[in-house]
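Engineer: The following block contains the structure, expressed as C-alpha cells.
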Amino acid sequence: MPAHRGEPPPPPSISAQTTPSAFSSEDFAQALEGYAYRFEPGQVVQGKVIELEPQGVYVDIGGKAPAFLPLAEAVLRGHDPATVFVAGSEHRFAIDRDRDGEIWLSMRRLAIEEAWEKAQQCLDHGEVVECRVTDANSGGVVVSFQGLRGFIPRSHLVDRGDLESLKGQRLPLVVLEIDREKKRLVLSHRKASQTSVLRQFQKGTLVSGPVSGLRTFGAFIDLGGTAGLLHIREITQKYVPNVEAVLKVGDVVTAAIVEVDESRGRIALSTKILELHPGEFLENREAVFAQAEERLAKNIAKLWDA
Numbered sequence: 002m003p004a005h006r007g008e009p010p011p012p013p014s015i016s017a018q019t020t021p022s023a024f025s026s027e028d029f030a031q032a033l034e035g036y037a038y039r040f041e042p043g044q045v046v047q048g049k050v051i052e053l054e055p056q057g058v059y060v061d062i063g064g065k066a067p068a069f070l071p072l073a074e075a076v077l078r079g080h081d082p083a084t085v086f087v088a089g090s091e092h093r094f095a096i097d098r099d100r101d102g103e104i105w106l107s108m109r110r111l112a113i114e115e116a117w118e119k120a121q122q123c124l125d126h127g128e129v130v131e132c133r134v135t136d137a138n139s140g141g142v143v144v145s146f147q148g149l150r151g152f153i154p155r156s157h158l159v160d161r162g163d164l165e166s167l168k169g170q171r172l173p174l175v176v177l178e179i180d181r182e183k184k185r186l187v188l189s190h191r192k193a194s195q196t197s198v199l200r201q202f203q204k205g206t207l208v209s210g211p212v213s214g215l216r217t218f219g220a221f222i223d224l225g226g227t228a229g230l231l232h233i234r235e236i237t238q239k240y241v242p243n244v245e246a247v248l249k250v251g252d253v254v255t256a257a258i259v260e261v262d263e264s265r266g267r268i269a270l271s272t273k274i275l276e277l278h279p280g281e282f283l284e285n286r287e288a289v290f291a292q293a294e295e296r297l298a299k300n301i302a303k304l305w306d307a
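For the sequence shown, the numbering used here assigns the number 2 to the initial residue and increments by one for each residue that follows.
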C-alpha cells in the first residue's frame with residue numbers, strides 16, 4: 002500500500018539491509034589496498050601533525066600511512082620545532098618523494114616554489130621588495146629573496162663604493178631577470194630607487210622646477226630627486242625651431258605631468274596643455290604659470306583622452 006503524502010517511507014526489508022558481517026575487516030583492508038593514493042612529487046597537500054620525532058615529523062595527509070617530514074626540509078624561521086609542529090596543527094607541504102612506500106614531505110621545496118612565483122609576480126608588475134644583503138664580490142652583491150639567492154650587479158647599485166659595507170643591510174629592489182632552470186635571479190637597487198621616486202608623481206598634476214639641461218628634443222626639469230622631460234612639441238601649440246630659443250638652464254617652469262613611465266624611468270611634462278591659445282607660452286609664460294591650476298582643471302579631460 003503506497004505511503005500517504007508527508008509520511009516517511011517504510012524501512013527496507015531485512016533482506017535488503019546490510020548486516021555487520023557482510024563487510025569484514027579483511028574486506029576493508031583489501032579495499033584500502035585497492036584504493037590508489039596518488040601523490041606526485043611537487044604536489045601541494047594540507048597535513049595534520051601526528052608526532053614530532055628527533056629526526057622529523059609524522060604527518061597525516063590522508064594516505065594509507067603517515068607521511069614523513071625530515072627536519073632538514075622544514076621551514077622554521079628561527080623557531081623551535083616543538084613550537085611549530087604541535088600535535089594536531091595543520092601545515093602545507095610539498096610531496097618530495099616516495100621512499101620505499103613512505104611519502105616524504107618538504108616545506109622548503111614549497112617555500113622555494115612560492116618564492117619563484119613571488120619573484121615572477123614582482124617582475125610582471127614592477128613591485129618593489131626589500132631583501133637583505135648576504136654577501137659581496139667585485140661584480141656586485143648577493144641577497145636573500147625569500148630563501149632564493151639573488152644577485153645585484155654593481156651597475157645596479159645606488160652606492161657602488163664599498164660593497165662589503167652593504168652586508169646585512171636591507172635594500173629596496175625590483176626584479177630584472179628570472180631564469181628558473183639556471184636558478185638565476187637578478188635584481189636592481191638603482192631601478193627600485195627610481196621607481197620609489199617616480200611613484201610620488203601622478204599624471205594630471207602640476208610640478209615646478211628649474212631647467213637642468215637642454216637637448217635638441219626638449220628640456221629636462223629638475224623635480225627634486227628626478228627629472229621630467231618637457232619635449233619640444235609639448236612646450237607650446239605653436240612651432241618651436243629649437244629649445245634654446247625658448248628656454249635656458251635655470252629658468253623655473255611650471256608644467257603638467259602627462260605621463261609617468263616606471264618601466265623606462267621617465268616623467269613626461271607639458272606646458273602646451275596650459276595654453277589658452279597657440280603660442281601663449283611664447284608671449285606671456287608668467288600668465289600661463291600663474292593660472293596653471295585653473296587651466297589644467299579645464300583641460301584635464303584632454304589629458305586623459307590623449
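Quick reminder that beta carbons are idealized off the backbone N, C-alpha and C, glycines included. Source: prediction; values computed, not measured.
Let me know the beta strand (DSSP E) ranges lying completely inside the stretch 173-228, each 3 residues or longer, listed in chain order.
Structural biologist: Correct list: 185-189, 207-216, 219-223.
Engineer: Alpha carbon to alpha carbon, what distance is there between Arg200 and Ser107?
Structural biologist: Taking the first residue of the sequence shown as 1, we reach residue 107 at position 106. Taking the first residue of the sequence shown as 1, we reach residue 200 at position 199. Near 39 Å, if we compare the C-alpha coordinates of Arg200 and Ser107.
Engineer: Among Lys65, Arg78, Gln56, which residue has its Cα nearest to the Cα of Leu72?
Structural biologist: For the purposes of this step, residue 72 is taken as residue 71 along the sequence shown, with counting starting at 1. Among Lys65, Arg78, Gln56, the Cα nearest to that of Leu72 belongs to Gln56.
Engineer: Does the beta-carbon distance from Arg216 to Arg171 come in below 8 Å?
Structural biologist: Locating residue 216 in the sequence shown gives position 215, counting from the first residue. Locating residue 171 in the sequence shown gives position 170, counting from the first residue. Not a contact, by the Cβ cut-off of 8 Å.
Engineer: Gly89 and Lys49: beta carbons closer than 8 Å?
Structural biologist: Counting from 1 along the sequence shown, the entry for residue 89 is found at position 88. Counting from 1 along the sequence shown, the entry for residue 49 is found at position 48. Yes, they are a contact pair.
Engineer: Do Leu270 and Ala288 come within 8 Å of each other at the CB atom, strictly closer than that value?
Structural biologist: Within the sequence shown, numbered from 1, the residue matching residue 288 stands at position 287. Within the sequence shown, numbered from 1, the residue matching residue 270 stands at position 269. Against a cut-off of 8 Å, the Cβ pair of Leu270 and Ala288 comes out as no contact.
Engineer: Please specify which runs of the alpha helix (DSSP H), each continuous and at least 4 residues long, are wholly inside the stretch 273-301, giving them in chain order.
Structural biologist: 281-284, 286-291, all fully within the stretch 273-301.
Engineer: Cα-Cα, which of Ser264, Glu103, Lys299 is closest to Glu41?
Structural biologist: Here residue 41 corresponds to residue number 40 of the sequence shown, with the count starting at 1. Of the candidates Ser264, Glu103, Lys299, the one whose C-alpha sits nearest the C-alpha of Glu41 is Glu103.
Engineer: Looking only at its own chain, which residues have a Cβ that is under 8 Å from the Cβ of Ile113, when we skip the five neighbours before and after it?
Structural biologist: Your numbering for residue 113 matches position 112 in the sequence shown. Closer than 8 Å at the Cβ level, and outside the excluded window around Ile113, lie Gly148, Leu149.
Engineer: Taking C-beta to C-beta, are Ala293 and Leu207 nearer than 8 Å?
Structural biologist: Residue mapping note: residue 293 aligns to position 292 of the sequence shown, counting from 1. Residue mapping note: residue 207 aligns to position 206 of the sequence shown, counting from 1. Cβ atoms of Ala293 and Leu207: closer than 8 Å.
Engineer: When burial is assigned at 16 or more other CB atoms within 10 Å of the CB, is Asp160 buried or exposed?
Structural biologist: Stepping through the sequence shown from its first residue, residue 160 is reached at position 159. It is exposed - the Cβ of Asp160 has fewer than 16 other Cβ atoms within 10 Å.
Engineer: Identify, in the order they occur along the chain, each residue of the same chain with its Cβ nearer than 8 Å to the Cβ of His190, setting aside the five sequence neighbours on each side.
Structural biologist: Position 189 of the sequence shown holds residue 190. Counting only Cβ-Cβ distances below 8 Å, and skipping sequence neighbours, we find Ile153, His157, Leu158, Val159, Leu172, Pro173, Leu174.
Engineer: By Cβ distance, which residues of its chain are closer than 8 Å to Ala298, with the 5 residues on each side in sequence left out?
Structural biologist: Translated into positions along the sequence shown, residue 298 becomes position 297. Result list for Ala298: empty, nothing under 8 Å.
Engineer: Could you tell me the distance, in whole angstroms, from the CA atom of Ile258 to the CA atom of Leu275?
Structural biologist: As a working note, residue 258 is residue 257 in the sequence shown. As a working note, residue 275 is residue 274 in the sequence shown. Cα-Cα distance, rounded: 11 Å.
Engineer: For Thr84, does the count of other Cβ atoms within 10 angstroms reach 16, so buried, or fall short, so exposed?
Structural biologist: For the purposes of this step, residue 84 is taken as residue 83 along the sequence shown, with counting starting at 1. Flag for Thr84 reads exposed.
Engineer: Expressed to the nearest angstrom, what Euclidean distance is found between the alpha-carbon atoms of Glu91 and Ser213?
Structural biologist: Looking up residue 91 in the sequence shown gives position 90. Looking up residue 213 in the sequence shown gives position 212. Rounded to whole angstroms, Glu91 to Ser213 spans 60 Å at the Cα level.
Engineer: Quick check on this structure: which residue in Lys239, Gln44, Arg78, Phe94 has the alpha carbon closest to the alpha carbon of Pro279?
Structural biologist: Start at 1 with the first residue of the sequence shown, and residue 279 comes out as number 278. The shortest C-alpha separation from Pro279 is found at Lys239.
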